[in-house]
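The next block holds one structure in the form of structure tokens; read it before the comments.
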Amino acid sequence: MPEALEFEKPLLELENRIAELRASSDPLAARDEIASLEERLRRLQQRTYASLTPWQRTQLARHPKRPHTLDLFRLLLEDFVELHGDRLYGDDKAIVGGLGRFEGQSVVAIGHQKGRDTRENLARNFGMPHPEGYRKALRLMKLAEKFAKPVFTFIDTPGAYPGLGAEERGQAEAIARNLREMAGLRTPVVAVVTGEGGSGGALAIGVADRVLMLEYAIYSVISPEGCAAILWGDAAKAPEAAELLRLTAPDLQGLGVIDGIVPEPVGGAHRNWEETAAALRQALRDHLWELKGKTSDQLVQDRYEKFRKIGVFEETT
Amino acid sequence: MVAWFWKRDKDAKERPRKVVIAEGLWIKCDSCKEIVYRAEVERAGRVCPKCRYPFRISARERLALLIDEGSLEERDAGLVSQDPLGFKDTKRYRDRLKSAKEKTGLEEAVISGLARIGAFPVVVCVFEFEFMGGSMASVVGEKIARAIELAGVKRVPLIILSASGGARMQEGILSLMQMAKTAAALQRLGEERLPYISILTDPTTGGVTASVAMLGDVILAEPRALIGFAGPRVISETIRQPLPEGFQRSEFLLEHGQLDLVVERRDLKETLRRLLAFFADRPPLPVP
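Those protein sequences? They're chains A and B, same order as listed. Residue 322 is where the first sequence starts when you use the numbering used here, and the numbers rise one by one after that. Residue -10 is where the second sequence starts when you use the numbering used here, and the numbers rise one by one after that.
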């Protein structure tokens, strides 16, 4: 993926010119020009980001410079200790998790982990977990339940890995078990789709009391490329498929699937990690504090009803 | 009636007429390609007498083979799908639903209700693969969740026979969420200590495998059924090599510890009788 997305280029050009003028030998003389360029930049930003297409959002959600799970852990948690392995087979580096402190509260934090370059992506398998990743996640959630600590999960994956070993070791079972066990977890769980919410591989850590999405994150039953390949035999028609799938945060809120949208800085999370983390911190704090007032029976009951009512159908007789 | 039967006939017409096949009397096995006597296949519950491959059969046929005759009390048959996303590709979702209904005579991809197996009362759900690939629509998730809850209310075992390609793309994220909904309902059933027997038939893949299908207290499969999370084509494209012989078939899953038992179709009812007797903690009634 290129460093700048197509629709970002005019914005970056303006930014570069402003930076050049600022750095010029006589910035005072260029003061008026800088001001006018800045005004143009603001208006162009507003126009661009107010009318992003689902495909443009998909590109933002996948942006390699977007803050990934470990970046967010670093920005949000104190005294974080990463824990490894599923105690059964191995340590899947496409899912990370550990113990930390959030706003004076001990939490267990878990998330998909993508890489930023080829070497990292190979190590992280592009954020596509094997069964051992989901089993590690569940092990950590059970640890949280045992010690009555809340759980945060950060969702950012193209999907569960479709491979030989994954099938041999029970990819479907691992995902199914997580769905069932998360439904009954007797401790608060807040899930945030931070980037790409890729189908069952995303949902496997997403059965939570609150499901939030970052503003430009996507969450879908199938990738736009996969959908386009099935419908038209042509993955290049992904932008059209993205329109059909209703995968943006506002779409999901409209369908009653998510509980809130966390605003991103102008230009998207990759333009300002600190600002992204600050907005996320606020949202996590608000939701966590609400959930902490509930008994574990109430949590499980409410979580059940939340997922139980999702779906659209007609009842005839 | 009997979709596979007419389908075989059509196949026969498309072949060069070297083998003359008497109308309906002989059929070709999907697996070993042998020409076999139809009556013999029927008698074996639609299983090839040469290679023992169980043909794909409809949900209604499956029920007829498994439950005590006339015992089905169908539930939620009036739940019908809408088009929440306004999904239209080469065809409108509503039109796809219409043709699926005409093709199968069913309102949706699952039949559910109360029934008896060897006189044991159960709640049963059967997927119909011919209805849009047995895919997980909102209605399918809702019917299964209600059936699971019904098993809880009636305090009887739950049996689900899966045959599905997974999620229903035309319902987008709502389809995905049916996995969470049904898994959550199964979590509750487990808390109530009510047994769930999952039976996997050809094919069971995607979101259905990764939710209800793999959550049975006991998981059975028919021989040679394709069972997996990802489809074989996706996997072979991802790893860029051909897949090993027998990969993702029932026997492969049994070998890898993912199933309790592979059961031939003719033995399925007897196996269920024994399992139900175990959970009821009383001997099975003699077969009438």
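Even glycine gets a Cβ: it sits at the ideal position worked out from N, Cα and C.
Residue i (DSSP reduced to helix, strand or coil)
{"i": "Ala266 (chain B)", "result": "helix"}
{"i": "Ile10 (chain B)", "result": "For Ile10 (chain B), the predicted model reports a pLDDT of 49, less than 50, meaning its position is unreliable and no value from the coordinates is stated."}
{"i": "Pro571 (chain A)", "result": "helix"}
{"i": "Leu576 (chain A)", "result": "coil"}
{"i": "Pro375 (chain A)", "result": "helix"}
{"i": "Arg213 (chain B)", "result": "coil"}
{"i": "Ala402 (chain A)", "result": "Strictly speaking, residue 402 (chain A) in this sequence is Val, with Ala absent from that position. Three-state DSSP puts Val402 (chain A) in a strand."}
{"i": "Asp407 (chain A)", "result": "coil"}
{"i": "Ser346 (chain A)", "result": "coil"}
{"i": "Leu333 (chain A)", "result": "helix"}
{"i": "Met534 (chain A)", "result": "strand"}
{"i": "Arg422 (chain A)", "result": "strand"}
{"i": "Pro586 (chain A)", "result": "coil"}
{"i": "Val621 (chain A)", "result": "helix"}
{"i": "Val142 (chain B)", "result": "helix"}
{"i": "Ile224 (chain B)", "result": "helix"}
{"i": "Ile56 (chain B)", "result": "coil"}
{"i": "Arg254 (chain B)", "result": "helix"}
{"i": "Arg383 (chain A)", "result": "coil"}
{"i": "Lys615 (chain A)", "result": "coil"}
{"i": "Val197 (chain B)", "result": "coil"}
{"i": "Lys77 (chain B)", "result": "strand"}
{"i": "Glu3 (chain B)", "result": "With a pLDDT of only 45 at Glu3 (chain B), under the threshold of 50, the placement of this residue in the model should not be trusted, and no figure is reported."}
{"i": "Ala325 (chain A)", "result": "coil"}
{"i": "Gly581 (chain A)", "result": "strand"}
Residue range of the unbroken alpha helix (DSSP H) whose run includes residue i
{"i": "Val528 (chain A)", "result": "Segment: none, Val528 (chain A) is in no alpha helix (DSSP H) and carries neither H nor E."}
{"i": "His433 (chain A)", "result": "From DSSP, His433 (chain A) is part of no alpha helix (DSSP H) but of the beta strand (DSSP E) over Gln426 to His433."}
{"i": "Pro545 (chain A)", "result": "Pro545 to Trp553"}
{"i": "Gly278 (chain B)", "result": "With chain B represented from -10 up to 277, any question about residue 278 (chain B) goes unanswered, as that position is not in the structure."}
{"i": "Leu464 (chain A)", "result": "Pro452 to Lys467"}
{"i": "Met503 (chain A)", "result": "Gln492 to Ala504"}
{"i": "Pro439 (chain A)", "result": "In the sequence as displayed, the identity of residue 439 (chain A) is Thr instead of Pro. Its alpha helix (DSSP H) spans residues Thr439 to Arg445."}
{"i": "Phe241 (chain B)", "result": "Ser239 to Glu244"}
{"i": "Arg280 (chain B)", "result": "The question about residue 280 (chain B) has no answer here: the residues shown for chain B are numbered -10 through 277."}
{"i": "Glu561 (chain A)", "result": "Ala559 to Leu566"}
{"i": "Asp392 (chain A)", "result": "Thr390 to Leu397"}
Where the beta strand (DSSP E) through residue i begins and ends
{"i": "Thr474 (chain A)", "result": "Val472 to Thr478"}
{"i": "Leu189 (chain B)", "result": "Tyr185 to Thr194"}
{"i": "Ile24 (chain B)", "result": "Ile24 to Tyr26"}
{"i": "Lys17 (chain B)", "result": "Trp15 to Lys17"}
Any non-hydrogen atom of the ligand NAD within 6 Å of residue i CB
{"i": "Gln619 (chain A)", "result": "Inclusion of the ligand NAD in the displayed structure is not the case, the ligand content being empty and no account of it being possible."}
Residues near residue i by beta carbon distance below 6 Å, same chain, minus five either side
{"i": "Arg204 (chain B)", "result": "The identity of residue 204 (chain B) in the sequence shown is Leu, whereas the question assumes Arg. Closer than 6 Å at Cβ, skipping near neighbours: Leu175."}
{"i": "Asp57 (chain B)", "result": "Arg105"}
{"i": "Leu362 (chain A)", "result": "Leu335"}
{"i": "Arg422 (chain A)", "result": "Glu399 and Asp400"}
{"i": "Gln159 (chain B)", "result": "Phe76 and Tyr82"}
{"i": "Gly581 (chain A)", "result": "Leu533"}
{"i": "Ala559 (chain A)", "result": "Pro545, Glu546 and Ala549"}
Residues near residue i in its chain [Cβ-Cβ closer than 8 Å; skip 5 each side]
{"i": "Leu333 (chain A)", "result": "Ala325"}
{"i": "Arg213 (chain B)", "result": "Ser20, Tyr42, Pro43, Asp191, Arg238, Ser239 and Glu240"}
{"i": "Met166 (chain B)", "result": "Gly130"}
{"i": "Ala172 (chain B)", "result": "Ser200, Val201 and Leu204"}
Residues of its chain near residue i, where Cβ-Cβ distance is below 7 Å and the 5 sequence neighbours each way are ignored
{"i": "Glu466 (chain A)", "result": "Leu506, Arg507 and Thr508"}
{"i": "Pro375 (chain A)", "result": "Ala563, Glu564, Leu568 and Thr569"}
{"i": "Ser408 (chain A)", "result": "In the sequence on display, residue 408 (chain A) carries Arg and not Ser. The answer, listed in chain order, is Arg460."}
{"i": "Gln366 (chain A)", "result": "Leu332, Val587 and Gly588"}
{"i": "Pro65 (chain B)", "result": "Looking at the sequence itself, residue 65 (chain B) is Asp, so the reference to Pro does not match. So the list reads Ser101, Lys132 and Arg135, once near-sequence residues are dropped."}
Residue(s) in a DSSP beta bridge with residue i
{"i": "Leu103 (chain B)", "result": "B:Glu62 and B:Val112"}
{"i": "Ala136 (chain B)", "result": "Looking at the DSSP assignment, Ala136 (chain B) forms no beta bridge with any residue, so it has no partner."}
{"i": "Met125 (chain B)", "result": "B:Ala156"}
{"i": "Val69 (chain B)", "result": "A:Glu635"}
{"i": "Ser541 (chain A)", "result": "A:Gly519"}
{"i": "Leu150 (chain B)", "result": "B:Val115 and B:Ile188"}
{"i": "Ile46 (chain B)", "result": "DSSP output for Ile46 (chain B) lists no bridge partner at all."}
{"i": "Ile416 (chain A)", "result": "A:His433"}
{"i": "Val36 (chain B)", "result": "B:Pro43"}
Closest by C-alpha distance to residue i, when choosing among the options
{"i": "Leu485 (chain A)", "options": "B:Met166, B:Ser187, B:Val111 and B:Ser225", "result": "B:Ser225"}
{"i": "Val129 (chain B)", "options": "B:Pro221, B:Gly141 and B:Leu150", "result": "B:Leu150"}
{"i": "Ala202 (chain B)", "options": "B:Pro231, B:Thr227 and B:Val115", "result": "B:Val115"}
{"i": "Glu488 (chain A)", "options": "B:Leu14, B:Leu232 and B:Val251", "result": "B:Leu232"}
{"i": "Arg157 (chain B)", "options": "B:Leu139, B:Leu178, B:Arg177 and B:Gly195", "result": "B:Gly195"}
{"i": "Tyr537 (chain A)", "options": "A:Tyr370, A:Arg440, A:Gly554 and A:Glu635", "result": "A:Tyr370"}
{"i": "Leu139 (chain B)", "options": "B:Val113, B:Ser124 and B:Phe120", "result": "B:Val113"}
{"i": "Pro73 (chain B)", "options": "A:Thr597, A:Ala599 and A:Gly577", "result": "A:Gly577"}
Listed by chain order, chain C residues near residue i by CB distance under 8 Å
{"i": "Ile543 (chain A)", "result": "The structure shown has no chain C; the protein chains it does contain are A and B."}
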